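Numbering (our numbering), first residue to last: 86 to 207.
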Amino acid sequence: MVSDDNGTFPHDVESVCPVCGLKKVSSEKEHVLIHGGALLLDEESESGVQAANLVDNLQAFLFMGWESNHGDGTYAELEIARDVTKGQFSLLFCSTKCMRSFLNTCVDNLEKQIEAVKNEFS
Ligand SMILES: [Zn+2]
């Protein structure tokens, strides 16, 4: 999970792909990424230009979730990024194959949580 003040995972630019562990992922090498977050918009100027700023007082998050159809607030969720300062994060992978594997693993984990929640309330 990505959190706190280092919005890039893996944290070290010399790190290897978090899925296969074989290839280095850094800005100097070809890689794919999931990049998310928010920017704080300035007031639009008279010329119509509106600046977007990376600021310290934003926190980014990325969850996968499930909500029951009973309207009772039953839910399950998988946190991928939480409380990331400056509001932006990046998850780096060596290839789309590894990105797909990561996302499939996330969905598999979410499904396990959904099943556990359903079993708890059945
Ligand atoms: Zn990889």
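In this text, a Cβ means the ideal position worked out from N, Cα and C, and glycines have one as well. Computed from a prediction, not measured in an experiment: that's the story for all the values here.
Item: If I'm right that Gly-121 touches Leu-147 with Cβ under 8 Å, what's the distance once you round it to whole angstroms?; Value: 6 Å
Item: Is the beta carbon of Ala-137 sitting closer than 9 Å to the one on Ala-166?; Value: no
Item: Closest to Leu-125 by CA distance: which of Ser-186, Gly-172, Lys-197, Leu-188 is it?; Value: Gly-172
Item: For Thr-170, write down the residues that DSSP places opposite it in a beta bridge.; Value: Gln-144
Item: May I ask whether a heavy atom of ligand 1 can be found less than 8 Å away from the beta carbon of Val-140?; Value: no
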